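A short worksheet on the structure shown next.
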Amino acid sequence: MGSPSINETAPAAAGPAVPNALLRHLNPEQLAAVTLPAQPALILAGAGSGKTRVLTTRIAWLLQTGQVSPGGLLAVTFTNKAAKEMMARLSALLPLSVRGMWIGTFHGLCNRLLRAHWKQAGLPSGFQILDAADSVSAVKRVIKAMKLDEERFVPKQVSWFIAACKEEGKRPADVEQRDPHTRQLALIYQAYEEQCQREGVVDFAELMLRSYELLRDHEALAVHYRQRFRHVLVDEFQDTNRLQYAWLKMLAPPGGGQSVFAVGDDDQSIYGFRGARVGNMADFEREYRVQSVVKLEHNYRSYGNILDAANGLIARNSRRLGKNLRTEAGPGEPVRVHESVSDHAEAQWIVEEAQLLHRGGLPRSEIAILYRSNAQSRVLESALFNAGIPYRVYGGLRFFERAEVKHALAYLRLVENPHDDTSFLRVVNFPARGIGARSIEQLTDAARASGRSLHQSVGAVTGRAGTNLAAFNDLILRLRERTKGLTLREIISRMLDASGLLDFYRADKDGQERIENLEELVNAAEAFVTQEGFGKEVVALPVDELRPEDAPAIGAELLPDAETGEIVSPLAAFLNHASLEAGDNQAQAGSDAIQLMTVHSAKGLEFDAVFITGLEEGLFPHENSLSDADGLEEERRLMYVAITRARKRLYLSFSQTRLLHGQTRYNVKSRFFDELPEGALKWITPRTGFQGAMAFTPRQAWQQAAGSPFQARKEPAPPPLVPKAAPSHGLSVGKAVFHNRFGEGVVVTLEGSGEDTRAEVNFGRHGRKWLALSVAKLTPID
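Count the sequence shown with UniProt numbering and you get residues 1 to 782, in order.
Here you go:
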């Protein structure tokens, strides 16, 4: 950008003598950055280049050389974790207490400033801070008081609108009122502000905006802090938004004579969707007339082939300040590229490769599987679960534990069994139906008094709440009736529409990922149907309406439960499967487990072996970015972040077909493969799979999917001519039996022969159950 770079041979700036112990572990680039003179500086810190060491050593050097006192320095980080790590390192480096230093996050420092000057800021001395959930609740009260329709003005969406306005520095009067809807939003914003002021509370966005306005409107106060903080250091500068940069310029204006030490990596700016503005780095260099741009390019994390891949990819971005990572560790293993015929085959390959790594001595905790979208984790989790491999979903929940998926499963459980009180309570007022806590309490009391289920006790609640409860009951009963004879896919799709879940998340600004997870639930059900041997058109009736003799008439195969032998519908079996996957095999804290996470969650982490999955056009890079140059550059930065998480081994994978968002997609490999240097890659599958002679047709893709539960069905070979002996169960009608789960019972009906023998057993309080005798362990009682 026109400013001279300081390369590794640049000498340190002249200054007072410094204890050798403080600087001796720095490389030339780091030393140059740490010992820069007191002037605005931009440090381009590449991945794994020792950024935190440079920041903390810079602070320690300034203090030890007497250039600043502990109270005359301000350092801004982006997370509390980073602030604590910086304080801990400084405590180890310095023979003085660092507790009183101004080191913290943007919001933490703004809170400190407002606490000190609450009167000038127009706040009560003991103002409280609203978290995100509290802010939404406060907005909801405003909407209710204004007698507005919550379906049109969704509280969470309005809360996001208000926060976005504040991050742009806009008060209600500054909102551009283009149409009646935005005019109403501005009025809600105004009423929300007045309510917060009355109650003496501020939300997180208000902390930043109020602090900025405090400095803007009180010149003497601003001058005081400018004179006090002669050295300002900012970490992760690429993640700053407009308001944060404006706040920084208010505290340390360009040309003000202060030393502003900005550290960041424009190649790792991946939070544009949160308002981060990568252009702030170039603006800083220009506005502050930066004379010293230090590039930290020596990488201490990864081998050469991994860095070559990262450098080759990110060089395609046109709007970057520019740097090139290098290492002295040698080239290491090539980056392995694997092509699969399906997402299930891809997951199976990853599991097998991870097992080989683990058997070779690599702890599972040093293996990470990265994906672009949370919805991709479901197939990976299923493969790990089936292989009995412990895993941990980092920064999120396992697929079947996500709130939107649990809501959907609760509706399905009510379709299966309306008397499931736990599921009833979870979704009776989700989405909101005007059924409050008091009404639920009345319903619960009535059910307890009568010994009946909540579903059966709805009539005991009167008034508007009773009407709303009755409407919910009718919804469940209609779903039960209208999904009879439908496939699992059709049942779930109809439930998602009728329940209002899809409409609710469509109205949520942040709801797209939740919608994708709900669509992935349809895929999970279809995969389960295929894995368990059902036909593609299997139907799922409620279990209390099933009889074995019904199967031929409705075209369904009734599935014996693998553990109990109980004959259940596909819907009931799928719900059991979901419960087992949600509850089992979750890694405990401190256990050795494979790490699963989105690429966004992986920033700041590193692992010995990294798998980057789903590298297909429309998925990674994401389809929303393909028509936007800025969006595509951010996707490339996201891929750069993913690559640079790997220390020793990096795997890239993609598949020809993928079941995603409820549809089978026939994929084109990601453009990123064409942007990676050939010399760094090792293709371990034929490279002609997408375009050349070895390409599969969609039908062949399913047929060739090794280990895939979507493998195309083939006609079974004729059975060998070896007679099978019928199992000797020794049961008869009226015989008393014992089952490990259901206890004692009496055989009511026997039918079938050999391995197909089924028994209907009355287990008393557990009711009558059909059991497959080849699976169920029934012990006759003499």
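Glycine included, every Cβ here is placed at the ideal spot set by N, Cα and C.
None of the values given here were measured: they were computed from a predicted structure.
Between the segment 165-174 and the segment 75-87, do at least 3 Cβ pairs fall closer than 8 Å?
no
Taking contact to mean 3 or more Cβ pairs, one atom from each stretch, closer than 8 Å, check whether the segment 607-622 and the segment 386-405 are in contact.
No, because fewer than three Cβ pairs between the segment 607-622 and the segment 386-405 fall closer than 8 Å, the two stretches do not touch.
Neighbour-count burial assignment, Leu-455, 16 or more Cβ in a 10 Å radius:
According to the sequence displayed, residue 455 carries His and not Leu. Burial call: buried.
On the three-pair Cβ rule with 8 Å, is the segment 300-317 touching the segment 622-629?
no
Just tell me which of Ala-186, Arg-301, Leu-488 has its CA closest to the CA of Phe-528.
Leu-488
Ignoring anything shorter than 4 residues or poking outside the segment 179-235, list the alpha helix (DSSP H) runs there in chain order.
Runs found: 180-199, 204-217, 219-228.
With DSSP as the reference, label Phe-430 as helix, strand or coil.
Here Phe-430 sits in coil by DSSP.
Which residue comes first and which comes last in the beta strand (DSSP E) that contains Trp-683?
681-683
Bridge partners for Arg-336 per DSSP, in chain order?
Tyr-651, Lys-682
Leaving aside the five residues before and after Ala-410 along the sequence, list all residues of the same chain whose C-beta is less than 6 Å from its C-beta, in chain order.
Ser-423, Arg-426, Val-427
CA-CA distance, Ser-569 and Thr-685?
40 Å
Reducing DSSP to helix, strand and coil, say where Lys-170 ends up.
Three-state DSSP puts Lys-170 in coil, outside helix and strand.
Can you check which of these residues, Arg-649, Leu-63, Gly-764, is closest to Arg-230 by C-alpha distance?
Leu-63
Might you give, ordered along the chain, the residues of its own chain that have their beta carbon closer than 8 Å to the beta carbon of Leu-518, omitting 5 neighbours on each side?
Glu-404, Val-405, Ala-408, Leu-496, Leu-501, Leu-502, Tyr-505
Distance, Ser-457 Cα to Leu-109 Cα
54 Å
On a CA-only basis, which of Ala-309, His-224, Ile-643, Thr-757 is nearest Pro-677? Give me that one, please.
Ala-309
According to the neighbour-count rule (16 or more other Cβ atoms, all chains shown, within 10 Å of its Cβ), is Lys-323 buried or exposed?
buried
Measure how close the beta-carbons of Val-379 and Arg-480 come, nearest whole angstrom, since I'm counting them as under 8 Å.
Incorrect: roughly 30 Å between the Cβ atoms, too far for contact.
Inter-residue CB distance, Leu-123 and Leu-130 (contact presumed, cutoff 8 Å)
Not a contact, Cβ separation roughly 13 Å.
Comparing C-alpha positions only, which one of Leu-650, Thr-779, Glu-29 sits nearest to Ala-368?
Closest in C-alpha terms to Ala-368, from the list Leu-650, Thr-779, Glu-29, comes Leu-650.
Given a threshold of 16 other Cβ atoms within 10 Å of its Cβ, counted over all protein chains shown, does Leu-209 qualify as buried or as exposed?
buried
Consult DSSP for Ser-597 and reduce its assignment to one of helix, strand or coil.
It should be noted that the sequence gives Met, not Ser, for residue 597. Note: Met-597 maps to strand in three-state DSSP.
Do you know how far the Cα of Pro-28 is from the Cα of Leu-74?
One C-alpha to the other measures close to 25 Å.
Going by C-alpha distance, which of Ala-33, Cys-165, Leu-207 is nearest Phe-188?
Note that residue 188 corresponds to Ile in the displayed sequence, not to Phe. Nearest C-alpha to Ile-188: Cys-165.
For Val-538, which three-state DSSP category applies?
Caution is warranted here: a pLDDT of 45 is assigned to Val-538, below 50, making its placement in the model unreliable, and no coordinate value can be reported.
What's the call for Arg-286, buried or exposed, on a 16-neighbour Cβ count within 10 Å?
exposed
Should His-181 go down as buried or exposed, given a rule of 16 or more other Cβ atoms within 10 Å for buried?
His-181 is exposed by the Cβ-count criterion.
From Asp-265 to Glu-219, what does the alpha carbon distance come to, in whole angstroms?
33 Å
Determine the direct distance from the alpha carbon of Ile-435 to that of Phe-763, and round the result to whole angstroms.
37 Å
Assuming Ile-492 and Phe-261 make a contact with CB atoms under 8 Å, what is their CB distance in whole Å?
In fact, because the Cβ distance is near 54 Å, the residues do not count as touching under 8 Å.
Residue environment, His-739, which counts as buried when at least 16 other CB atoms sit within 10 Å
buried
Exposed or buried, what is Val-223 when buried is set at 16 or more other beta-carbons lying within 10 Å of its beta-carbon?
exposed
Using the three-state DSSP reduction, which class does Val-733 fall into: helix, strand or coil?
coil
Going by alpha carbons, who is nearest to Ser-135 out of Trp-160, Phe-127, Gln-442, Arg-152?
Trp-160
Cβ-Cβ distance between Ala-88 and Gly-104 below 9 Å
no
Cα separation between Lys-648 and Ala-121?
52 Å
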